[in-house]
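Reading through the structure tokens given below for one structure.
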Ligand SMILES: [Zn+2]
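Residue numbers (the working numbering): 271 to 509.
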């Protein structure tokens, strides 16, 4: 008599799974001062207690998810340590493994939705939760625009590198879509959960099936959204 794995839905003994991947809790930025830790909280955002776990998955599904995590961990570490150069607006990465990195992105969004812990209460995917579960279980990354994730990187990595805040539903809704924001270190992940068409400027910032990933280099997030939206009225929706 086991419990039911939340990914494959088979009866099994469940592992005590990390809700967010373990590497999110590790320092990604190679600081000269190894002992420096800084936590920032503001508004409704709260830093997440390190290493939050729940009984979620069978061993087989844990292993499946860990394959995406292994790939993503290395990529995210590399990204975090790239020095932004001469006022470039984007970091442009090619040859990303679309299947593995997209499934990784979907997995963090979905895991925050299925988690019961108070740190994840703002993420609730409704009917999209089952759709994404099925995509993850079938190892189907979907199209670039399916639950696309816009990634932003802040330049002040020394300040930001060890932050992990509770994911939030973004209010007001960017471009009129439901979106969830995860902040891990100096990288912000903005997921669009919508059945409606997303404007091209935003779509281009999702991981592309060709393996192209553009990461927005930002001094602050609000500036990014306003800049992206300047051709799109009404701007007041962004405040
Ligand atoms: Zn399973």
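A virtual CB, placed ideally from N, CA and C, is assigned to each residue, including glycine.
With contacts defined by Cβ atoms closer than 8 Å, residue 395 and residue 377 do not form a contacting pair.
For residue 465, the number of other beta carbons within 10 angstroms of its own is below 16, and it is reported as exposed. DSSP links residue 451 through a beta bridge to 438, 460. Contact between residue 390 and residue 436 holds: CB atoms are separated by about 7 Å, below the 8 Å threshold. Per DSSP, the unbroken beta strand (DSSP E) holding residue 420 starts and ends at 419 to 423. Annotation for residue 277: 327, 331, 403, 406, 407 place their beta carbon closer than 7 Å to its own, counting only its chain and skipping 5 residues before and after. Annotation for residue 324: the continuous beta strand (DSSP E) segment containing it runs 323 to 325. Straight across, the Cα-Cα distance linking residue 379 with residue 454 is about 13 Å. Using a cutoff of 7 Å, the CB of residue 377 does not count as near ligand 1, since none of the ligand's heavy atoms is closer than that.
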